[in-house]
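>
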Amino acid sequence: MYRAFYGLTGNPFAKDIPVDNLYQSQDYKQFKGRMEYFKTARGFAVAYGRPGMGKTTCIRAYTSALNPQLFKVVYLALSQLTIMEFYRNLAMGLGLVPSSKKVDMFHQIQDHIINLQHQKNQTPFIILDEAQLLGGGILNELRMLFNFQMDSKNHAMVLLCGQPAFVSQLNLHIHEPLRQRISVHHEFTGLRSEEVEGFITTLLGKCGVTQPIFAPDAMQAIASASQGCPRLICSLAEKALMIGAQEKLQNITADTIQAAYEATMIFTS
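Our numbering puts the sequence shown at residues 935 to 1203.
Structure below.
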């Protein structure tokens, strides 16, 4: 209903924001800069942040711009996997038919990665999302799998992306060998308060909005209530549009944001 009332051509605050709609925040620019270095360093990288900080969206945006002739992107959204399930998923992500034995899959994956490098000049970029769900056994397997013993060169890029709990897990003494091989770290911190208006305006503009809908005090209220969390910004903005359409409001003010916040917190608290 609110789309018709405000003349929107789509849902500006959808969960999966198209990568070409992504607002170029300082957080995302810093992430891109670190990933550019990672393309040269390879090995392991860690990106982490609280839920809703835009981790997966930023990764999608960055990898979508990579040259597919030079990079083989493999994205795995993790759950509670056994070691065998992890190997099978990774092998299939690389386009392999997994063997039935772990030791065979280990060599399958290593050989394929080396072949991609030597025959196609293609670097595998393996993204393991929700890494806080990885057990210690899989982390140890990762360290061994990407240790090409006869070659000091890193043949792949492995990005471990998760919540802050994953960093605590990595800091355990048992994971020191893996931790020493991490060349890049990035903490997703969300949007700065001065970026919130640009973020919302960019998303609305992609859906055909040419005139301001949110008043300046509404933008300030969203920035304050969300603490820069993109997911919460989108949730508050969409709820405010719903309330605004119901009440036939041409402009959204801080009062509407307060009502949206109270309604949203019912479902998030």
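Ideal Cβ positions, reconstructed from N, Cα and C, are used throughout, including at glycine.
Note that the structure is a prediction, hence the values are computed from the model and not measured.
Only counting the same chain, and skipping five residues up and downstream in sequence, which positions put a Cβ closer than 7 angstroms to that of phenylalanine 1148?
For the purposes of this step, residue 1148 is taken as the residue at position 214 of the sequence shown. For phenylalanine 1148, where only same-chain residues beyond five positions count, the Cβ hits under 7 angstroms are Ile1134, Ile1186.
> Verify whether the separation of the beta carbon atoms of glycine 1096 and glutamine 1066 is less than 8 angstroms.
Counting from 1 along the sequence shown, the entry for residue 1096 is found at position 162. Counting from 1 along the sequence shown, the entry for residue 1066 is found at position 132. Taking 8 angstroms as the Cβ cut-off, glycine 1096 and glutamine 1066 qualify as a contacting pair.
> Comparing C-alpha positions only, which one of Lys1182, Ala1174, Leu942, Ala1179 sits nearest to aspartate 1189?
Taking the sequence shown and counting its residues from 1, the one referred to as residue 1189 is at position 255. The option with the nearest alpha carbon to aspartate 1189 is Ala1174.
> Could you have a look at glycine 1027 and say whether DSSP puts it in helix, strand or coil?
Indexing the sequence shown from 1 puts residue 1027 at position 93. Here glycine 1027 sits in helix by DSSP.
> I'd like to confirm the pairing. Which residues does DSSP put opposite valine 899 in its beta bridges?
The first residue shown for the chain is 935 and the last is 1203, placing residue 899 beyond what the model contains.
> Skipping 5 residues on each side, what residues in its chain have a beta carbon closer than 7 angstroms to that of leucine 942?
What you label residue 942 is simply residue 8 of the sequence shown in a count that begins at 1. Excluding five sequence positions before and after leucine 942, the CB atoms of its chain that fall closer than 7 angstroms to its own CB belong to Cys1141, Gly1142, Val1143, given in chain order.
> What are the uninterrupted segments assigned as alpha helix (DSSP H) that are 4 or more residues long and contained completely in the stretch 999-1063, given in chain order?
1017-1027, 1036-1054
> Pick out whichever of Phe1080, Gln1051, Pro1098 has its Cα sitting closest to the Cα of glutamine 1003.
On the sequence shown, position 69 is the one that residue 1003 refers to. Nearest option by C-alpha distance: Gln1051.
> If alanine 1193 and isoleucine 1177 are in contact, beta carbons under 8 angstroms, what's the gap, nearest whole angstrom?
Looking up residue 1193 in the sequence shown gives position 259. Looking up residue 1177 in the sequence shown gives position 243. Confirmed, about 6 angstroms.
> Please confirm whether arginine 976 and asparagine 1088 have their CB atoms less than 8 angstroms apart.
Residue 976 sits at position 42 when you count from the first residue of the sequence shown. Residue 1088 sits at position 154 when you count from the first residue of the sequence shown. Result yes, Cβ atoms of arginine 976 and asparagine 1088 sit closer than 8 angstroms.
> Under DSSP, the alpha helix (DSSP H) around glutamine 964 begins and ends at which residues?
The residue given as residue 964 occupies position 30 in the sequence shown. Element bounds for glutamine 964: 960-975.
> What is the residue span of the alpha helix (DSSP H) that cysteine 1168 lies within?
Taking the first residue of the sequence shown as position 1, residue 1168 is located at position 234. From DSSP, the alpha helix (DSSP H) with cysteine 1168 extends over 1164-1180.
> Measuring straight from C-alpha to C-alpha, what distance separates leucine 1076 and phenylalanine 1082?
In the sequence shown, residue 1076 corresponds to position 142, counting from 1. In the sequence shown, residue 1082 corresponds to position 148, counting from 1. Using only the alpha carbons, I get a separation of about 12 angstroms.
> At a threshold of 7 angstroms, does lysine 1054 count as lining the ligand HEM (C-beta to nearest heavy atom)?
With respect to the ligand HEM, the structure shown offers nothing to examine, as it has no ligands at all.
> Kindly give me the distance between the Cβ atoms of glutamate 1121 and tyrosine 982, rounded to whole angstroms, as I take these residues to be in contact under 8 angstroms.
Here residue 1121 refers to the residue found at position 187 of the sequence shown. Here residue 982 refers to the residue found at position 48 of the sequence shown. Yes, glutamate 1121 and tyrosine 982 are in contact; Cβ-Cβ is about 6 angstroms, under 8 angstroms.
> Evaluate contact between the stretch 1161-1169 and the stretch 1116-1130, counting only Cβ atoms and requiring at least three cross-stretch pairs below 8 angstroms.
yes
> Using the C-alpha atoms, what's the distance from phenylalanine 947 back to serine 1169?
For the purposes of this step, residue 1169 is identified with residue 235 of the sequence shown, where counting begins at 1. For the purposes of this step, residue 947 is identified with residue 13 of the sequence shown, where counting begins at 1. Going from the Cα of serine 1169 to the Cα of phenylalanine 947 covers about 7 angstroms.
> Measuring alpha carbon to alpha carbon, tell me which residue in Pro1058, Asp1038, Pro1032, Gly986 is nearest asparagine 1001.
The residue you call residue 1001 lines up with position 67 of the sequence shown. The shortest Cα separation from asparagine 1001 among Pro1058, Asp1038, Pro1032, Gly986 belongs to Pro1058.
> Using 10 angstroms around the beta-carbon of valine 1118, count the other beta-carbons present and answer buried if the total reaches 16, otherwise exposed.
Taking the first residue of the sequence shown as position 1, residue 1118 is located at position 184. When all chains shown are included, valine 1118 counts as buried.
> Taking the alpha-carbon of glycine 988 as reference, which of Leu1073, Glu1181, Ile1017, Tyr957 has the nearest alpha-carbon?
Position 54 of the sequence shown, counted from the start, is the residue given in the question as residue 988. The candidate whose alpha carbon is nearest that of glycine 988 is Tyr957.
> Thinking C-alpha only, which one of Gly944, Asn1023, Ala1011 is nearest threonine 991?
Stepping through the sequence shown from its first residue, residue 991 is reached at position 57. The shortest C-alpha separation from threonine 991 is found at Ala1011.
> State the Cα-Cα distance for the pair arginine 1022 and aspartate 954, rounded to the nearest angstrom.
Taking the first residue of the sequence shown as 1, we reach residue 1022 at position 88. Taking the first residue of the sequence shown as 1, we reach residue 954 at position 20. If I take the Cα positions, the gap works out to 32 angstroms.
> Just how far apart, CA to CA, sit valine 1101 and isoleucine 1191?
Taking the first residue of the sequence shown as 1, we reach residue 1101 at position 167. Taking the first residue of the sequence shown as 1, we reach residue 1191 at position 257. Going by C-alpha positions, valine 1101 is about 34 angstroms away from isoleucine 1191.
> Between which two residues does the alpha helix (DSSP H) carrying leucine 1079 extend?
For the purposes of this step, residue 1079 is taken as residue 145 along the sequence shown, with counting starting at 1. Run containing leucine 1079: 1070-1079, per the alpha helix (DSSP H) assignment.
> Drop a sphere of 10 angstroms on the beta-carbon of methionine 1039, count the other beta-carbons inside from all chains shown, and report buried for 16 or more, exposed for fewer.
By one-based count along the sequence shown, residue 1039 stands at place 105. It counts as buried.
> Going by CA-CA distance only, name the one from Leu1024, Ile1060, Gln1044 that's closest to phenylalanine 1005.
In the sequence shown, the residue the question calls residue 1005 occupies position 71. The shortest C-alpha separation from phenylalanine 1005 is found at Ile1060.
> Between serine 959 and glutamate 1129, how many whole angstroms is the CB-CB distance? I'm expecting something under 8 angstroms.
Position 25 of the sequence shown, counted from the start, is the residue given in the question as residue 959. Position 195 of the sequence shown, counted from the start, is the residue given in the question as residue 1129. Their Cβ separation, rounded to whole angstroms, is 5 angstroms, which keeps serine 959 and glutamate 1129 in contact under 8 angstroms.
> In this structure, does DSSP put isoleucine 1186 in helix, strand or coil?
As a first step, residue 1186 is located in the sequence shown; it is residue number 252 there, counting from the start. Reduced to three states, the DSSP call for isoleucine 1186 is strand.
> With 16 other CB atoms within 10 Å as the buried threshold, where does aspartate 961 fall?
Translated into the one-based positions of the sequence shown, residue 961 becomes position 27. Counting other Cβ atoms within 10 Å of its Cβ, aspartate 961 reaches 16 or more and is therefore classed as buried.
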